[in-house]
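To keep things clear, I will list the structure first and then write my remarks on it.
Residue numbers (our numbering): 57 to 385.
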């Protein structure tokens, strides 16, 4: 089907929303909101204010009606957008700290094994390194380590003008030791390398994170990498399903501050937020991040039947949990 919807100016966009039952309120403020946010971006936040679709003949899930529920307002959609913006900011601040800390952890631990251990499967987990890499369900024809090296080499090429990279090219053979190499690695690259570490090195890092299973840590990093990209690119996060739902370990495998997670929905942002909080407490006991996150979530806007529980997976009584009352040391 050919797309045929015409361009609409801001006033026409407001008229369309009004025709569909959305209360606009102050017209000038509404136009300012559209100029600041954009109609299409704002539609992700008006979407939850639309009426449910009439039941169809099959069990297929139908998109909501174009019509809005009674009492829905543009101000509510803007409030949801601005809440999401604040949430995204605090999540990203935590993820950035985790990214830097994982550079330190991997560089320090693998560096003890060999300064160039990331380049040689002999210093990693040979079995994992030798597995075939898959992209979107298809074999790449490369091993996991070869695929990781391909991505790392691309990052190294992008960083070729960095002074510290030029130093290693001029003075040595251009091979960066792991403690320098981690500085050019993305969160995704770090996650891939953690998966390839030897059992000893991966377990040592997992122990520092108070987790007794390396695969749980890798799954967490994989899920957090996607969230990090959503945050960095200003995508909606507050009610977005998780792309790679993280494993929730049983109580015996992690700290008591996460023992409530088996009852949580690992397809919602709450579990990811709890993982971020836990990791930051382990990596930096002086952190105040859990309380910062709690402060943002407590200001969730009063909109229809929405709540941090229904939209984000926050459990009942979350404000009383140990994690969100962590006292920096």
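Just so you know, even glycine gets a beta-carbon here, dropped at the ideal spot from N, CA and C.
Since we're looking at a predicted model, the values are computed, not measured.
Annotated three-state conformation of residue 291 is coil, per DSSP. In this model, residue 271 and residue 248 are separated by some 12 Å (Cα to Cα). Take the alpha-carbon of residue 345 and the one of residue 241: they are about 24 Å apart.
Distance from the CA of residue 337 to the CA of residue 254, rounded to the nearest whole angstrom, comes to 25 Å. Straight across, the Cα-Cα distance linking residue 166 with residue 297 is about 34 Å. Separation of the CB atoms of residue 313 and residue 378 is rounded to 5 Å, and the pair is thereby assigned contact status at 8 Å. The residue among 142, 160, 65 with its C-alpha nearest the C-alpha of residue 260 is 160. With fewer than 16 other beta carbons inside 10 angstroms of its own, residue 307 counts as exposed. Secondary structure at residue 363: coil, using DSSP grouped into helix, strand and coil. The C-alpha of residue 365 lies about 31 Å from the C-alpha of residue 75. In the DSSP assignment, residue 79 forms a beta bridge with 129. Take the alpha-carbon of residue 107 and the one of residue 239: they are about 49 Å apart.
Beyond the five residues adjoining it in sequence on each side, residue 133 comes within less than 7 Å, by CB distance, of 98, 101, 102, 105 in the same chain, given in chain order. When the beta-carbon positions are compared, residue 93 and residue 86 stay at least 7 Å from each other. Boundaries cannot be given for residue 310, as no alpha helix (DSSP H) includes it and DSSP labels it neither H nor E. With 16 or more other Cβ atoms inside 10 Å of its own Cβ, residue 310 counts as buried.
With a contact defined as Cβ atoms closer than 8 Å, residue 332 and residue 150 qualify at about 4 Å.
Here the C-alpha atom of residue 199 lies approximately 50 Å from the C-alpha atom of residue 360. For residue 160, the secondary structure class from DSSP, reduced to helix, strand or coil, is helix. The beta carbon of residue 299 sits closer than 8 Å to the beta carbons of 279, 282 from its chain, once the five residues preceding and following it are set aside; these are given in chain order. Assignment of beta-bridge partners to residue 190 by DSSP yields 195. Here residue 156 is exposed, its C-beta having fewer than 16 other C-beta atoms within 10 Å. Boundaries of the alpha helix (DSSP H) around residue 251: 243–252.
Looking from the CA of residue 319, the closest CA among 120, 153, 371 belongs to 371. Sequence-distant partners of residue 158 (beyond 5 residues in either direction) whose C-beta falls short of 6 Å from its own C-beta, in its chain, are 246. Where residue 334 is concerned, the enclosing alpha helix (DSSP H) starts and stops at 325–339. Using a Cβ distance threshold of 7 Å, residue 292 and residue 141 do not count as a contacting pair. The alpha-carbon separation between residue 185 and residue 223 amounts to approximately 29 Å. In terms of Cα proximity to residue 183, the closest of 64, 152, 252 is 252.
Cα atoms of residue 68 and residue 137: separation of roughly 21 Å, rounded to the nearest angstrom.
DSSP places residue 102 inside the alpha helix (DSSP H), whose first and last residues are 95–102.
For residue 353, the secondary structure class from DSSP, reduced to helix, strand or coil, is helix.
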